[in-house]
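Undergrad: Got a structure here, written out as structure tokens. Questions coming.
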Amino acid sequence: MSNSDYKPNSKLDPNAKLSDNERLKTQSNLLRGTITNDLGDQLTGGFTADNFQLIRFHGMYQQDDRDIRAERIKQKLEPMHNVMLRARMPGGIIKPHQWLAIDKFAEEKTEYGSIRLTTRQTFQFHGVLKPHIKEMHLTLNDVGIDSIATAGDVNRNVLCTTNPVESELHQEAYEWAARISEHLLPKTRAYAEIWLNGEKQETTEEEPVLGSTYLPRKFKTTVTIPPNNEVDVHANDLNLVAIAEDGKLVGFNVLVGGGLAMTHGDVNTYPRKADDFGFISLDDTLAVAEHVVGVQRDWGNRANRKNAKTKYTLDTFGSDAFKAEVEKRAGVTFAPSRPYEFTHRGDRIGWVEGIDGKHHLTVFIQSGRILDYPDKPLKTGCRKIAEIHQGDFRMTANQNLIIAGVPAEQKAEIEQLAREHGLIDDAHTEQRKNSMACVSLPTCPLAMAEAERYLPDLIEKTEAILAKHEIADDDIILRVVGCPNGCGRAMLAEIGFVGKGPGKYNVYLGGNRAGTRIPKLYLENVGEEVYLPALDELIGQWAKARQPDECFGDFVIRKEIVAEVKVSKTDFHA
Amino acid sequence: MLLSQLSAAASPLTQEQLQKLQGLVAELNPIQQAWVSGYLAANANTAALAGTLGQAPAAASEAAPLTILYGSQTGNAKGVAAQLESAAKARGLQTKLVNMADYKPSALKKEQFIAVAVSTYGEGEPPEDAETLHAFLAGKKAPKLDGVKVAVLGLGDSSYEFFCQTAIDFEERLQKLGAESVVARADLDVDYEDQATAWIDSALDAFEPALKAQQTEGGANVVAMPLATAGAHASQYTKQNPFSAEISVVQKITGRNSTKDVRHVEISLEGSDIAYQPGDSLGVFFLNDEQRVDEVIALLGLEGDSEVTLGNETLTLRTALIEKLELTQSYPGFVEKYAAATNNAELSTLAGDKAALREYIEARQIFDIIKQQPGTLSAQALVDSCRKIQPRLYSIASSQAEVEEEVHLTVGLVEFDAFGETHQGGCSGYLAHRVEEGTQVKVFSEHNDNFRLPADDNTPVIMVGPGTGIAPFRAFLQEREARDAEGDNWLFFGNPHFTQDFLYQVELQKYVKSGVLNRIDLAFSRDQAEKIYVQDRLREKGQDVYTWLQNGAHFYVCGDASRMAKDVHQALVDIVKQYAGKSDEEAEEYLKELRSAGRYQKDVY
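Sequences listed follow chains A and B, in order. Going by this note's numbering, the letters in the first sequence line up with residues 6 to 579, in that order. Going by this note's numbering, the letters in the second sequence line up with residues 692 to 1296, in that order.
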């Protein structure tokens, strides 16, 4: 089915004007636009008009240093334009030689000098100036990394549970993640032509899976190995939940239509959990993936981008209708779901031994920011480990790093390097390890409030409250995001802070440990002076009145401090 | 003198004419007044040439006049020449005032009386307008000048090594050709005014007898008209009588990580009659750093409130040092006088060794010399050791067509570390750090007819202005936009870093978008391994540059004189050689012709 078959469905207004992004994609000549002209424009460090959006399909966002935006206006200088690059690393696996290459580039050619691990199990470069962009892509290409389709209206980087213990199962799941990523990738040669000095070919290109106008909106996919829900399936459009028998992968339960983004003040937007379509065997995996994407491509709302994601398509057409269309197109019938359970989402910090006898060290990286801090040269530490490491690295969806596949005889040496450079720090509390923030200010253009830079402070204040109520060893899944777009997955936290304005947040309560419940608004647009006393009060109640092993999120639901969100469309804004 | 105070007795007008004039002027704003002033001046000049004023020129031409040749870079030499002319006219002497650039060397052999006022800039180089004549006098075609009477006045800045070198050259060359100096050459420093007036008197005393005798024979006479000297407009506010203007904006326009600190300064001219044109400069009087002044006073054991006299003014030492005397830019005269006043043997010896002295003052501000060689001297002796503070001239970065009663400057802060402390330039430090919105600062405009947009708006222009050299081109672009000029505009700009040093980036982006700026080429020298400068960009675009020149473009350069302007010139030579198939000499000749035609203009410093 090619894109020309796209027709507005009767459930959507057939006369609605398509969003401007649709025009942009249509006119982009398969994502080329006039990016090359902009690269040669000496007058600005930014991209113009459509190209500003098109570079996203190539894995980059134009950003600027928002801390100095006002200052530069006065200086008659344009904003400090730069790009953020998000690499495509299915399953978050990166080899030591690749690590060394990105370490060098981050050090020498980015304004911030950091490697930022993200919730999409990949790394981002922040602050790349226009003259360095091509060099960046060439550098990555030299070590087999690209950034195709890590942003924009496409299927983005495919996540895969990092699970280092069950090595074989992980290997199989990872291979599926990589294959799905390849299968759903745009086929245009625009990336190679623009960034890698690829020759222009006269062949007629097609986008057999995505269509020439790509998807209505971003699309996120995971391959998940229960019981760890590290990837947060309910934040993703398509999830393949691995079902194993005797340690062997036999198929997947397919969960469709999760997503956390919303818009402040727009009750037609809401975070929503994914629906379980049922079980498929391995043979049907690519076909199902392709046609879930295909139905969303054809049924998704291209007139209103705030109603365009798969979650809304499901709510508009009905989950059953969507599922039936997938079955029809893929020639597959979903079997009843196989039982599975998610029990946790956090990473197990420290060493574990895999069933293959290899050792794996998970190191906690606060907010995923790998940088040489004055007292903690994390970046140098990672580089030194990469120089001797024989296995691979895995970037987790919790923004941490696993040094995976260490032979027993090298364990001590790696551990020593990790300790010397602050990668192992026994002082990290459970609360810190279970807290997360998106990037936000100063680089993210969407940010309304601080997140990454505020998180350490908020953790300390939360820890003080826990200590005050004599539960210092307990923790609450706490996530802070600078805007309601959802990168930091605050809408699956026990306590979620969503930025509303400088120093002001909406506070959501009631997610659970496993990430299977959407939290609900508790306080709107408030500052510390309001939410800290409120949390103090609630945590105090929790400390006294909780049931055995009852997490904070479950407590606030049971005590009806907030109502449970069961069906997002009706409950979330109720 | 204000027009309202003018009486018929003090002017050449009748009472009726004066009333009409006063009535008209009352209705005009300062800009309109400036325009009328320029219009009348030009009209009067034309009328004088046509012989409708004064005596019949035919008769006058038979006698040799006092030919006053000036070679001016910033207008000072021209001003002295004009002063000489009016003083001569007041004595009833016939004169001919000519810019050296407009003087035909072949006319030399007809001259009998020549006065030269010429400045020196850079490393002993003549101002551009004087270059041709300067070279001609040393060449084989120079005529014998036996019996010709000459007087030479030089202007310079003694903080430079080859002080007044061009004046020295002129006198030597004229003498070599047989001319005789009637008065000792004056080599005048930046505070030249008083000495210039004295020299004019003695020069005219020396010229007058022979000149008068000869002119009487010829029967010539000239009515001295109290008209302004050439130029579109003469404000009542001058270097001697600056306007106290209010600073409205001082904004750093380099990024926070820049190695440079460049300030955009906006000054209100409201209430003045100062009018300027794109290409003009603004003279700015500044105050010395009070903290450093107090340090010096304390170090010398003096009292800040001691009374001192300066000319015919009595004021406190502290005020004199802050407001009246040069304490930043050092020059040999200070070392000599200060050494004598403090009986400092070391400095005296140094003052006797030119090369060593040069090196010494180059590394030091006057503040440093005093701090490193504190001696015993009276407050008055200290004051007498110093020369008067000189206003600094900045190329104006605005057009009145756009900013009306404002004037904008682009000021690069001079800042360096030496002897364990941070030093700042006198005026740039003042503007960047010691003034604020509302501070009154004394200014005057300095006309520069050697840096003017083409009269014809259809003429294309190429502007090369790296660093603060962008200033006059911002004025040019404002002017061309306001005039809806059809001619194409091409700018070459450079600085160390794109993100930090792209002066007026947002404005230039708008000019490109609106089509006012047809082309722009940028050279950010430190953004890549190999350094790239504006001259490299010129070469890259050599074919187009040559085509533009062939199509009549005017070519402007503003900024650093010592390297950039020379490199740009060499690039032009190379471009003309390559694309016109010319030899080095022919290419130089090509550029010389451009210059003579006013199509290759520089404002360099």
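Built from N, CA and C at the ideal position, the CB exists for glycine as well.
Taking residue 962 of chain B as the reference, give the member of B/719, B/1294 and B/1224 with the closest Cα.
TA: By one-based count along the second sequence, residue 962 of chain B stands at place 271. Here the closest residue by C-alpha is B/719.
Undergrad: Compute the distance between the beta-carbons of residue 895 of chain B and residue 993 of chain B, then report whether it is under 9 angstroms.
TA: Position 204 of the second sequence, counting from 1, holds the residue named residue 895 of chain B. Position 302 of the second sequence, counting from 1, holds the residue named residue 993 of chain B. Result no, Cβ atoms of residue 895 of chain B and residue 993 of chain B do not sit closer than 9 angstroms.
Undergrad: Looking at chain A, which residues of the region 933 to 945 of chain B have a Cβ within less than 9 angstroms of any of its Cβ atoms?
TA: 942, 943, 944 and 945
Undergrad: Against chain B, with Cβ distances strictly below 9 angstroms, would residue 77 of chain A count as a contact?
TA: In the first sequence, counting from the first residue as 1, residue 77 of chain A sits at position 72. Answer yes: the Cβ-Cβ gap between residue 77 of chain A and chain B drops below 9 angstroms somewhere.
Undergrad: Would residue 141 of chain A pass as an interface residue toward chain B - the criterion being a Cβ-Cβ separation below 9 angstroms?
TA: Within the first sequence, the letter at position 136 stands for residue 141 of chain A. Answer no: the Cβ-Cβ gap between residue 141 of chain A and chain B never drops below 9 angstroms.
Undergrad: Answer yes or no: does any C-beta atom of chain B fall closer than 9 angstroms to that of residue 50 of chain A?
TA: Along the first sequence, one-based indexing puts residue 50 of chain A at 45. Interface residue, yes.
Undergrad: For chain A, is any of its Cβ atoms less than 9 angstroms away from the one on residue 1164 of chain B?
TA: Within the second sequence, the letter at position 473 stands for residue 1164 of chain B. Closer than 9 angstroms: no.
Undergrad: Can you confirm whether residue 98 of chain A, when its beta carbon is compared against all beta carbons of chain B, has any partner nearer than 9 angstroms?
TA: Numbered from 1 along the first sequence, position 93 holds the residue referred to as residue 98 of chain A. Any Cβ of chain B closer than 9 angstroms to the Cβ of residue 98 of chain A would place that residue at the interface, and such an atom is absent.
Undergrad: At the 9 angstroms Cβ level, is residue 1287 of chain B part of the contact set with chain A, yes or no?
TA: What you label residue 1287 of chain B is simply residue 596 of the second sequence in a count that begins at 1. Cβ-Cβ to chain A under 9 angstroms: no for residue 1287 of chain B.
Undergrad: Would you kindly report the start and end of the unbroken alpha helix (DSSP H) that includes residue 462 of chain A?
TA: By 1-based counting over the first sequence, the position of residue 462 of chain A is 457. Where residue 462 of chain A is concerned, the enclosing alpha helix (DSSP H) stretches over 460 to 473.
Undergrad: Do the CB positions of residue 1038 of chain B and residue 1029 of chain B come within less than 9 angstroms of each other?
TA: Here residue 1038 of chain B is taken as the residue at index 347 of the second sequence, counted from 1. Here residue 1029 of chain B is taken as the residue at index 338 of the second sequence, counted from 1. Their beta carbons are under 9 angstroms apart, which means residue 1038 of chain B touches residue 1029 of chain B by this criterion.
Undergrad: Can you list, in chain order, the residues of its chain with a C-beta nearer than 7 angstroms to that of residue 470 of chain A? Leave out the 5 residues immediately preceding and following it.
TA: Within the first sequence, numbered from 1, the residue matching residue 470 of chain A stands at position 465. If we look at residue 470 of chain A and ignore the five residues flanking it on each side, its Cβ neighbours are 540, 541 and 544.
Undergrad: Please list the terminal residues of the continuous beta strand (DSSP E) segment that includes residue 1249 of chain B.
TA: Residue mapping note: residue 1249 of chain B aligns to position 558 of the second sequence, counting from 1. Residue 1249 of chain B -> beta strand (DSSP E) spans 1245 to 1250.
Undergrad: Threshold first: 3 residues or longer. Then list the beta strand (DSSP E) segments lying entirely within the region 1067 to 1152 of chain B, N to C.
TA: 1083 to 1086, 1097 to 1103, 1106 to 1109, 1112 to 1115 and 1131 to 1137
Undergrad: How do the region 1194 to 1203 of chain B and the region 1110 to 1123 of chain B stand: do at least 3 beta-carbon pairs fall below 8 angstroms, yes or no?
TA: no
Undergrad: Short of 7 angstroms in beta carbon distance, which residues of its chain neighbour residue 99 of chain A, apart from the five on each side in sequence? Order them along the chain.
TA: Position 94 of the first sequence, counted from the first residue, corresponds to residue 99 of chain A. 397, 398 and 400, listed in sequence order.
Undergrad: Using a 10 Å radius around the Cβ and a threshold of 16 neighbouring Cβ atoms, would you call residue 1102 of chain B buried or exposed?
TA: Counted from its first residue, the second sequence places residue 1102 of chain B at position 411. With 16 or more other Cβ atoms within 10 Å, it is buried.
Undergrad: Which chain A residues are close to residue 788 of chain B, counting only those with a beta carbon under 9 angstroms from its beta carbon?
TA: Counted from its first residue, the second sequence places residue 788 of chain B at position 97. What residue 788 of chain B touches in chain A: nothing, since even the nearest Cβ is about 42 angstroms away.
Undergrad: Can you give me the C-alpha to C-alpha distance between residue 1092 of chain B and residue 1229 of chain B, rounded to a whole angstrom?
TA: Counting from one through the second sequence, the residue named residue 1092 of chain B turns up at place 401. Counting from one through the second sequence, the residue named residue 1229 of chain B turns up at place 538. Straight across, the Cα-Cα distance linking residue 1092 of chain B with residue 1229 of chain B is about 30 angstroms.
Undergrad: How far does the alpha helix (DSSP H) with residue 56 of chain A in it extend, from its first residue to its last?
TA: On the first sequence, residue 56 of chain A is found 51 positions in, with the first residue counted as 1. Segment 54 to 62, the alpha helix (DSSP H) holding residue 56 of chain A.
Undergrad: Is the Cβ of residue 441 of chain A closer than 9 angstroms to any Cβ of chain B?
TA: As a first step, residue 441 of chain A is located in the first sequence; it is residue number 436 there, counting from the start. No, residue 441 of chain A does not count as interfacial toward chain B.
Undergrad: When you compare each of B/1084, B/1138 and B/1031 to residue 1072 of chain B by their alpha carbons, which one comes out closest?
TA: The residue given as residue 1072 of chain B occupies position 381 in the second sequence. Minimum Cα-Cα distance from residue 1072 of chain B among the listed residues B/1084, B/1138 and B/1031 corresponds to B/1031.
Undergrad: What is the DSSP secondary structure of residue 1200 of chain B, counted as helix, strand or coil?
TA: Mapped onto the second sequence, residue 1200 of chain B falls at position 509. In this structure, DSSP gives residue 1200 of chain B a helical state, which the three-state scheme calls helix.
Undergrad: Measure the CB-CB distance between residue 1077 of chain B and residue 1012 of chain B and report whether it falls below 9 angstroms.
TA: Along the second sequence, one-based indexing puts residue 1077 of chain B at 386. Along the second sequence, one-based indexing puts residue 1012 of chain B at 321. Yes; because the gap between Cβ atoms is below 9 angstroms, this pair is in contact.
Undergrad: Run the CB neighbour count on residue 699 of chain B, radius 10 Å, all protein chains shown included, and call it buried at 16 or more, exposed below.
TA: Locating residue 699 of chain B in the second sequence gives position 8, where the first residue counts as 1. With a pLDDT of 46 at residue 699 of chain B, under the threshold of 50, the predicted position of this residue should be treated as unreliable, though the coordinate-derived value follows. Answer is exposed; the Cβ neighbour count stays below 16.
Undergrad: Between residue 496 of chain A and residue 1089 of chain B, what straight-line distance do the alpha-carbon atoms span, to the nearest angstrom?
TA: The residue labelled residue 496 of chain A in the question sits at position 491 within the first sequence. The residue labelled residue 1089 of chain B in the question sits at position 398 within the second sequence. So the two alpha carbons sit approximately 54 angstroms from each other.
Undergrad: For residue 737 of chain B, which residues of its own chain have a beta-carbon under 8 angstroms away from its beta-carbon, when the five flanking residues on both sides are left out?
TA: Translated into positions along the second sequence, residue 737 of chain B becomes position 46. Any reading at residue 737 of chain B must be qualified, since the residue scores a pLDDT of 48, below 50, and its modelled position is unreliable; the value itself is stated next. Cβ neighbours of residue 737 of chain B beyond the five flanking positions: none.
Undergrad: Judging by CA-CA distance, which residue of B/863, B/976, B/1259 and B/931 is the nearest neighbour of residue 1130 of chain B?
TA: The residue you call residue 1130 of chain B lines up with position 439 of the second sequence. Residue B/976 is the option with its Cα nearest to residue 1130 of chain B.
Undergrad: Going by beta-carbon coordinates alone, are residue 51 of chain A and residue 135 of chain A separated by less than 9 angstroms?
TA: Taking the first sequence and counting its residues from 1, the one referred to as residue 51 of chain A is at position 46. Taking the first sequence and counting its residues from 1, the one referred to as residue 135 of chain A is at position 130. For residue 51 of chain A and residue 135 of chain A, yes; Cβs fall inside 9 angstroms.
Undergrad: Are the beta-carbon atoms of residue 828 of chain B and residue 876 of chain B separated by less than 9 angstroms?
TA: Position 137 of the second sequence, counted from the first residue, corresponds to residue 828 of chain B. Position 185 of the second sequence, counted from the first residue, corresponds to residue 876 of chain B. No, Cβ-Cβ distance for residue 828 of chain B and residue 876 of chain B is not below 9 angstroms.
Undergrad: Look up residue 521 of chain A in the DSSP assignment and say whether it is helix, strand or coil.
TA: Position 516 of the first sequence, counting from 1, holds the residue named residue 521 of chain A. Coil.
Undergrad: Any contact between the region 401 to 418 of chain A and the region 469 to 486 of chain A? By contact I mean 3 or more CB pairs, one from each, below 8 angstroms.
TA: no
Undergrad: Strictly under 9 angstroms for the Cβ-Cβ distance: is residue 1221 of chain B near chain A by that measure?
TA: Within the second sequence, residue 1221 of chain B is the residue found at index 530, counting from 1. Residue 1221 of chain B does not count as touching chain A.
Undergrad: So what does DSSP say about residue 1010 of chain B, is it helix, strand or coil?
TA: By 1-based counting over the second sequence, the position of residue 1010 of chain B is 319. Three-state DSSP puts residue 1010 of chain B in a helix.
Undergrad: Taking residue 297 of chain A as the reference, which of A/316, A/309, A/312 and A/308 has the closest Cα?
TA: In the first sequence, the residue the question calls residue 297 of chain A occupies position 292. Among A/316, A/309, A/312 and A/308, the Cα nearest to that of residue 297 of chain A is on A/316.
Undergrad: So residue 1101 of chain B contacts chain A; which residues on that side make the cut at Cβ distance below 8 angstroms?
TA: Residue 1101 of chain B sits at position 410 when you count from the first residue of the second sequence. Against residue 1101 of chain B, chain A offers no close residue; the least beta-carbon distance is about 11 angstroms (beta-carbon pairs closer than 8 angstroms).
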